[in-house]
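For the sequence shown, numbering that gives the first Met the number 0 gives the first residue as 0, with consecutive numbering after it. Data first, discussion second: the structure below is written as structure tokens.
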Amino acid sequence: MTLTFPILIAIALVLGACTEKIRWEHPGLPTAQWDVDKSTCKNAAVLKVNSDIAIGRGFSARDNDLQHDQYAYQMARYEGLRRQKKLTEACMVKKGYQKVKAIDKKK
């Protein structure tokens, strides 16, 4: 069990490095508005996830357990970040944005 957590972290880091970069575009809005809308959606998602944590909904681990169980804390944190990303994406789609593959300018 003691090796399981570090192995999971290593796998997550490797998978995270392999993900392709995306950005949001809206053909009908000026590019200056894109970051504003993304920030608005992200802030709303953070508030929703934090609210759910505060009232004890949406996560399998309770706050009391989290204080004593590092694994449960890390998993709840991961789940919260995953939910935050999904909520942000849903908000952007609702505003009419589309995901596009970002072009790497370093090459």
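Glycine is no exception: its CB is placed at the ideal position from the N, C-alpha and C atoms. Being a predicted model, the structure only gives us computed values, none of them experimental.
Close-in-space but distant-in-sequence residues of the same chain around Val45 (CB under 7 Å, 5 per side omitted): Position 46 of the sequence shown, counting from 1, holds the residue named residue 45. Excluding residues within five positions, the ones whose Cβ falls inside 7 Å are Gln83.
Thr87, buried or exposed, once every other Cβ within 10 Å from all chains shown has been counted against 16: Your numbering for residue 87 matches position 88 in the sequence shown. Here Thr87 is buried. Its C-beta has 16 or more other C-beta atoms within 10 Å.
Boundaries of the alpha helix (DSSP H) in which Lys100 is found, first to last residue: In the sequence shown, residue 100 corresponds to position 101, counting from 1. No alpha helix (DSSP H) contains Lys100, which is instead part of the beta strand (DSSP E) from Gln97 to Lys100.
Limits of the alpha helix (DSSP H) - the one that Gly79 falls within: For the purposes of this step, residue 79 is taken as residue 80 along the sequence shown, with counting starting at 1. First-last of the alpha helix (DSSP H) with Gly79: Gln69 to Lys93.
Beta bridge counterpart(s) of Trp23 as assigned by DSSP: By one-based count along the sequence shown, residue 23 stands at place 24. DSSP, once it has assigned bridges, lists Lys98 as partnering Trp23.
Whether Gln69 touches Trp23 by CB criterion (9 Å): Residue numbering aside, residue 69 sits at position 70 when the sequence shown is read from its first letter. Residue numbering aside, residue 23 sits at position 24 when the sequence shown is read from its first letter. Against a cut-off of 9 Å, the Cβ pair of Trp23 and Gln69 comes out as no contact.
Pairwise C-alpha distance: Tyr72 and Arg56: Working through the sequence shown from its first residue, we reach residue 56 at position 57. Working through the sequence shown from its first residue, we reach residue 72 at position 73. The predicted model places Arg56 with a pLDDT of 48, which falls under 50 and marks its position as unreliable, so this point remains unresolved.
Cβ distance (whole Å) where His25 is taken to contact Gly79 below 8 Å: Within the sequence shown, the letter at position 26 stands for residue 25. Within the sequence shown, the letter at position 80 stands for residue 79. Not confirmed; about 27 Å, so no contact.
Distance between beta carbons of Ile52 and Ala101, contact taken as under 8 Å: Numbered from its first residue, the sequence shown carries residue 101 at position 102. Numbered from its first residue, the sequence shown carries residue 52 at position 53. Rounded, the Cβ-Cβ distance is 31 Å, inconsistent with contact.
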